[in-house]
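Convert by adding 1300 to the 1-based position in the sequence shown; the result is the number in the working numbering. Note that the Cβ used here is the ideal one computed from N, Cα and C, for glycine as well. These notes concern the structure reproduced below.
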Amino acid sequence: MFTCDISEQIGNYISITCFDNMYKLDKELQNISGLAAGAKIADICDSCGVSLKTMDFDGYDRQLILNGTFPEGCTYRQALSFVCQAIGKFARFDQNGQLEIIWYDNTAFVDNNIQLDGGKFDANEPYYLTGDNEDGGDFSFLETDSCDAGSFEATKAHYLYQLSSLTCAINDVYISGIKVSYDESAYLCGTADYALAIEDNPYTAGFEEETAIYLYTRMAGMSFQPLSVSCLSNPLIEEGDAVFVIDRKGNIHKTFATNVNFTIRQNTQITCDAETPQANSSEFGSNTQTIIQTRNIVKKEMTSYDVAVQCFNDLISHSFGLYKTEEVQTDGSVIYYMHNKPTLAESMTVWKQTADAFAVSTDGGQTWNAGFDAQGNAILNVLSAIGINAEWIKVLTEFNVNDNFIVNSSGQMSCKGAVIDNTNFNVTASGDTTVKSMTIVNDGYIKQVVGEQSSSSIKFISGSLIGDIGSTLGFTIGRVDEGAYIFFRTSGGVISEPEMPRKRMKIFADRLDISGIDQSPVIYFDGYRFSDPSSTTDTWGTIPRIGKNDGVMEVGKYIDFHNSDGSTSDYDARLNCVGNTLVLTGGLSVSGTKNRIVQTEHYGIRALSAYETATPYFGDIGSGKTDENGECRIDIEPIFLETIEKDYKVFIQPCGIGSLYAEKHEGFFIVKGAVNLEFDFEIKGYQKGYKDTRLTEYIEEE
């Protein structure tokens, strides 16, 4: 079935350009519903106004999750190729204009026995040098070689004998692996010798390994021979068909037709490419857009039922007649056959009518793919109807209502933009003796029901969120002044609007205000509390505090730490901020390093660690130079002397050749040795009051 796109007269000839129904998929993708691959393909057919031949194909129920993104300007044709690629199939339209999802049938090369080669009439003696040999046995018919001559039914493959040209690869190609990649993620299943590559498929994003393994189990070991052949005109060959090409030397080449160019009164051109045309033609470029825009085909939105009716009408209008065969049984009854060829043996479409059933076969009667019996049981592929009344429906994969309502085989339901009930919406889950449910009531609130507690609900009233928990407990969240308030109710009754500002906790962008609560506000953190300084019942003092009686932290202009209940003004440690400097009064113990953060010119911000010693020291560094007598007096800075004990250490480092030593005095030292020699020095002294402190054991307080 083809659609005429362009017809024009050239001299005595009329040129007609036609497309199969694949052109209907060349429109921009809007949306695809469903989780299973079959459901997505069915939705593509509905969106483009085409009919799906059958949903009974391998991979129909494979779940495809869209983790990637479709390319810009993606069409339904390209989306279909993504789905088929993810399940290891390709799509084509049959002679009746129906979309079929198939894969190359490798069994055609196994099931079909090549007939015996009779050879040729040899001109020289001895005769019969060419051809195959078979033992005909004797006239007893007991000892013979047998060879199946087959039947008159259609074979799975085409045989091409008379060739005008043939170009083929020397060796067959065997699929050794599947490589799936998306962005930077990739996975190879099998080997890379001849691996099929799947790139940037949005349905494989995040599932590269799973997809590669799935496809490898179905495609590994598949073989074909890349070739290009020109043969006698044959309109029956389609893309995807198995082909035996027999050259003039009798060599047999097994391959698949991936590209067929049929021209009336000329040879048919057949090629087997490394990539299928379905993959190549799925791109939607500017040329394709221009062709589509110039077609001026009137598009009409149709339902799935309308599409099915239209396709059925087209099928009836263009179908040929039937032949009838009667098979009389021993009891005198008759089985009726209606078929598409003059004889039943050569027919592929066969209708069979018996007393118990009426069925149809599309493979010559080997299998019966549709029909119904006398009890009313029917086997169908796709059922299109205006209405269905049923006591029960069993969903094997998915049940879809457009993209709004989906029920899968696991019983999971997703609903978007659908009205379930115009009064109440109930969700009930039962797994024990207690029934739990949630009801959205039509007056604007959500009610929770747990057993008999039917008073729990969440309501929206005048911009406030009000929650009732049981009959006496509840909360209110609303807006007041420049912030918001949260009120927790611990008794029954309705809180009037004037009372709400007084019974609240304010939340601002930069602070939490609890001063409006009736009683002395206290916030507890795991047993510790934060109290209000204005409280008359709290005797902790005049500034907010956090702590227990055995340890308190006061928060004001500074933070004081007490090891007791803080009833006195003395503190054990104080943290204060003076200008931009944080001042700690008391000791400091850290388990990590003490660093200074420094901005460097070429290396960013770096942390420089403090120098730690076993005993608390203060130090100073300087430099000097001896005179003509080889001496230099260094006076220690008085301020520095007041921070250290009198016993200090001096370290001299000469800056040249010569020897120097220090002669220490109270408040100064003299460097003696080589004349006119520069030197550096370092002074270290015990921190005043900590001379006897060394490697003190640290005991962590509870």
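Exercise for the section: Work out the CA separation of F1507 and Y1516 for me, nearest whole Å. Expected result: 14 Å
Exercise for the section: Check K1652 in the structure and name its three-state DSSP category. Expected result: strand
Exercise for the section: State the DSSP-derived secondary structure class of M1713, mapped to helix, strand or coil. Expected result: strand
Problem - Paired residues, beta bridge with T1571 - DSSP - result: S1528 and N1559
Exercise for the section: Within its chain, find whatever has a CB closer than 8 Å to the CB of R1548; leave out the 5 residues flanking it on each side and keep chain order. Expected result: L1463
Handout entry: Beta-ladder partner(s) of Q1899, from DSSP
Key = I1905
Handout entry: Cβ-Cβ distance between A1337 and A1379 below 8 Å
Key = no
Practice task
Output the residue ranges of the beta strand (DSSP E) runs that lie fully inside the region 1622-1672 and measure 3 residues or longer, sorted by chain position.
Solution key: 1623-1628, 1634-1639, 1650-1653 and 1657-1661
Exercise for the section: Kindly list the residues whose CB is nearer than 8 Å to the CB of F1981, restricted to its own chain and excluding five residues on each side of it in sequence; keep chain order. Expected result: I1921, G1922, S1923, G1924, I1934, V1950, F1951, I1952, Q1953, A1962 and V1971
Practice task
Give the secondary structure of G1985 by DSSP, where H, G and I count as helix, E and B as strand, and everything else as coil.
Solution key: strand
Problem - Among E1997, V1878, H1965 and T1881, the one whose alpha carbon lies nearest that of I1983 - result: H1965
Handout entry: Segment contact, 8 Å Cβ cut-off, at least three pairs: the region 1560-1569 with the region 1526-1544
Key = yes
Practice task
Throw me the rounded Cβ distance for the S1476 and A1495 pair, which I believe falls under 8 Å.
Solution key: 6 Å
Problem - Assigned exposure category for A1391 - 16 Cβ within 10 Å defines buried - result: buried
Handout entry: With 16 other Cβ atoms within 10 Å as the buried cut-off, status of E1308
Key = exposed
Handout entry: Best match in K1389, F1393 and T1369 for proximity to S1351 [C-alpha to C-alpha]
Key = F1393
Handout entry: Cut-off 8 Å between Cβ atoms - residues of its own chain near V1660, not counting five sequence neighbours on either side
Key = T1649, V1650, W1651, K1652, W1668, N1669, A1670 and G1671
Exercise for the section: Within the same chain, show all residues whose beta-carbon is closer than 6 Å to that of L1765, passing over the 5 residues directly before and after it, in chain order. Expected result: I1777
Practice task
Measure the C-alpha to C-alpha separation of Y1384 and I1401 and round it to an integer number of angstroms.
Solution key: Reading the sequence as shown, one finds Cys at residue 1384 and not Tyr. About 8 Å.
Problem - Coarse secondary structure for E1942, derived from DSSP in three states - result: coil
Handout entry: Through-space distance from L1888 to A1873, alpha-carbon basis
Key = 10 Å
Exercise for the section: If I'm right that L1399 touches T1467 with Cβ under 8 Å, what's the distance once you round it to whole angstroms? Expected result: Their Cβ separation, rounded to whole angstroms, is 32 Å, which puts L1399 and T1467 out of contact at 8 Å.
Exercise for the section: Excluding the 5 residues preceding and the 5 following V1545 in the sequence, name in chain order all residues of the same chain whose CB lies nearer than 6 Å to its CB. Expected result: L1460, V1529 and H1553
Practice task
Measure from the alpha carbon of Y1360 to the alpha carbon of each residue in D1343, V1634 and A1520, then state which is nearest.
Solution key: D1343
Exercise for the section: Please report how far the alpha carbon of F1658 lies from the alpha carbon of G1665, in whole angstroms. Expected result: 13 Å
Practice task
Can you grab the Cα-Cα spacing for the pair D1656 / W1692, in whole Å?
Solution key: 25 Å
Problem - Which of helix, strand or coil DSSP assigns to R1874 - result: strand
Practice task
Report the partner residues of A1678 according to the DSSP bridge assignment.
Solution key: F1672
Practice task
Pick helix, strand or coil for K1479, following the three-state DSSP scheme.
Solution key: strand
Handout entry: Coil, strand or helix - T1517 by DSSP
Key = helix
Handout entry: Collapsed DSSP secondary structure at E1523 in the structure displayed
Key = One point to set straight first is that residue 1523 is Ser, not Glu, in the sequence displayed. Note: S1523 maps to strand in three-state DSSP.
Practice task
Kindly indicate which three-state DSSP category T1881 falls into: helix, strand or coil?
Solution key: strand
Exercise for the section: Note down, one range per segment and in chain order, each beta strand (DSSP E) of at least 3 residues found wholly within the region 1910-1938. Expected result: 1917-1925 and 1931-1935
Practice task
For R1518, I'd like the list of residues in its chain whose CB is within less than 6 Å of its CB, leaving aside the five on either flank, ordered along the chain.
Solution key: G1388
Problem - Own chain, CB closer than 6 Å to T1900, minus 5 neighbours either side, in chain order - result: R1906
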